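J.: Heads up: the protein sequence lines correspond to chains A and B, in order.
Position 33 (the first sequence) corresponds to 33 in my numbering; numbering is contiguous.
Add 112 to the 1-based position in the second sequence for my numbering, that's all there is to it.
We treat Cβ as the ideally placed atom computed from N, Cα and C, and that holds for glycine.
Fair warning: this is a prediction, and the values are worked out from it, not measured in the lab.
Can you keep this structure in mind? I'll have questions shortly.
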Amino acid sequence: NAGVTQTPKFQVLKTGQSMTLQCAQDMNHNSMYWYRQDPGMGLRLIYYSASEGTTDKGEVPNGYNVSRLNKREFSLRLESAAPSQTSVYFCASSTDYLGEQYFGPGTRLTVT
Amino acid sequence: GENVEQHPSTLSVQEGDSAVIKCTYSDSASNYFPWYKQELGKGPQLIIDIRSNVGEKKDQRIAVTLNKTAKHFSLHITETQPEDSAVYFCAAWRGGADGLTFGKGTHLIIQP
């Protein structure tokens with residue numbers, strides 16, 4: 001099992017550009033999450049999907065959209081990137097909404 | 113919403129000594145408390161967790177204690193080894209739409 005995979009690993013964008021971060025899990029988990037990690041801030045929840053077909057906002061959803069494409073895949077889209085979105089983005093999944101979360105390796109995004 | 117505070121931000125211990133990291137949470141409804149270890153350039157990895165119906169849980173050299181009355185929980189690592197050097201995050205979950213709330217992390221340094 002690959003667990004949780006994320007693409008790309010690194011990305012540099014100019015202000016105003018758009019991009020989609022991809023996440024997939026092969027553990028048959030129902031719930032998936034997107035977090036961002038900034039220095040000294042821990043991890044903050046952007047969006048989550050408790051089950052296929054549903055998505056909800058987390059703590060810091062502004063400037064992002066998500067799509068739960070199927071049970072395996074959960075993508076994060078930045079429509080118009082801003083320097084404040086420079087961060088490391090982590091995708092995670094869990095068996096149910098109370099279960100332990102497994103994280104992917106992260107995407108390091110820089111917006112200039 | 114939930115607020116999790118984690119101390120210390122940096123902890124340096126001699127190899128073979130014990131390390132203790134402490135977290136407090138604000139919402140008495142929180143009932144799940146995981147600890148994650150993050151190595152440089154990697155995603156967080158769950159190392160131990162505890163639910164509110166248990167006061168202590170141990171897994172080899174790692175233990176977690178929970179005091180629901182005082183709303184704090186701690187990670188204890190005994191007989192520390194060089195491979196324990198990493199950033200450790202605590203988290204709390206109170207259910208509903210907010211997902212996990214993370215502390216800001218502790219950088220654990222094991223001195224040879």
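Can you confirm whether residue 161 of chain B, when its beta carbon is compared against all beta carbons of chain A, has any partner nearer than 8 Å?
T.: True, the Cβ-Cβ gap to chain A drops below 8 Å.
J.: Using the beta-carbon of each residue, which ones in chain B are nearer than 8 Å to residue 101 of chain A?
T.: Neighbours of residue 101 of chain A on chain B, chain order: 146, 158 and 212.
J.: Below 7 Å CB to CB, which residues in the same chain sit around residue 140 of chain B once its five sequence neighbours on both sides are set aside?
T.: Counting only Cβ-Cβ distances below 7 Å, and skipping sequence neighbours, we find 183.
J.: Cα-Cα, which of A/24, A/11 and A/16 is closest to residue 74 of chain A?
T.: Among A/24, A/11 and A/16, the Cα nearest to that of residue 74 of chain A belongs to A/24.
J.: For the stretch 123 to 135 of chain B and the stretch 188 to 198 of chain B, state whether three or more C-beta atom pairs, one from each stretch, are separated by less than 8 Å.
T.: Cβ pair count under 8 Å is three or more, so yes.
J.: Name, please, each residue of chain A whose Cβ falls closer than 7 Å to the Cβ of residue 154 of chain B.
T.: Within chain A, the residues near residue 154 of chain B are 105.
J.: Could you give the first and the last residue of the continuous beta strand (DSSP E) run that contains residue 128 of chain B?
T.: Unbroken run through residue 128 of chain B: none, as it is neither H nor E.
J.: Return the residues of the stretch 169 to 201 of chain B that lie within a Cβ-Cβ distance of less than 8 Å from chain A, sorted by chain order.
T.: Cβ contacts with chain A come from 201.
J.: Tell me whether residue 167 of chain B is buried or exposed, calling it buried when 16 or more other Cβ atoms sit within 10 Å of its Cβ.
T.: Answer is exposed; the Cβ neighbour count stays below 16.
J.: Which value, in whole angstroms, describes the spacing of the CA atoms of residue 42 of chain A and residue 156 of chain B?
T.: Between residue 42 of chain A and residue 156 of chain B, the C-alpha separation is close to 11 Å.
J.: Under 7 Å Cβ to Cβ from residue 173 of chain B, same chain only, skipping five residues before and after it: list those, please.
T.: Excluding residues within five positions, the ones whose Cβ falls inside 7 Å are 189, 190 and 191.
J.: Answer yes or no: does any C-beta atom of chain A fall closer than 8 Å to that of residue 149 of chain B?
T.: Chain A contact via Cβ: absent.
J.: Anything in chain B within Cβ reach of residue 90 of chain A, meaning under 8 Å, just list it in chain order.
T.: Simply 155 and 156.
J.: Under 8 Å between the Cβ atoms of residue 13 of chain A and residue 88 of chain A?
T.: Going by C-beta atoms, residue 13 of chain A is not nearer than 8 Å to residue 88 of chain A.
J.: Give the single residue among B/187, B/169, B/165 and B/171 whose Cα lies nearest to the Cα of residue 180 of chain B.
T.: Measuring from the Cα of residue 180 of chain B, the nearest candidate turns out to be B/165.
J.: Using only alpha-carbon positions, find the residue among B/120, B/147, B/119 and B/198 that is nearest to residue 175 of chain B.
T.: Residue B/147 is the option with its Cα nearest to residue 175 of chain B.
J.: Report the option in B/113, B/149, B/203 and B/169 whose CA atom is closest to the CA atom of residue 219 of chain B.
T.: Among B/113, B/149, B/203 and B/169, the Cα nearest to that of residue 219 of chain B is on B/149.
J.: On a CA-only basis, which of B/154, B/133 and B/144 is nearest residue 161 of chain B? Give me that one, please.
T.: If we check each option's Cα against that of residue 161 of chain B, B/144 comes out closest.
J.: Buried or exposed for residue 81 of chain A, going by 16 or more other Cβ atoms inside 10 Å?
T.: Label assigned to residue 81 of chain A: buried.
J.: Could you name the residues of chain B that residue 33 of chain A contacts, counting a contact when the two beta carbons are closer than 7 Å?
T.: The answer, in chain order, is 211.
J.: Have a look at A/27, A/40 and A/19 and flag the residue whose alpha-carbon is nearest the alpha-carbon of residue 3 of chain A.
T.: Nearest option by C-alpha distance: A/27.
J.: Could you tell me the boundaries of the beta strand (DSSP E) in which residue 65 of chain A lies?
T.: Start and end: 64 to 68.
J.: Using a Cβ-Cβ cut-off of less than 7 Å, give me the residues of the stretch 61 to 93 of chain A that come near chain B, in sequence order.
T.: Listed by position along the chain: 90.
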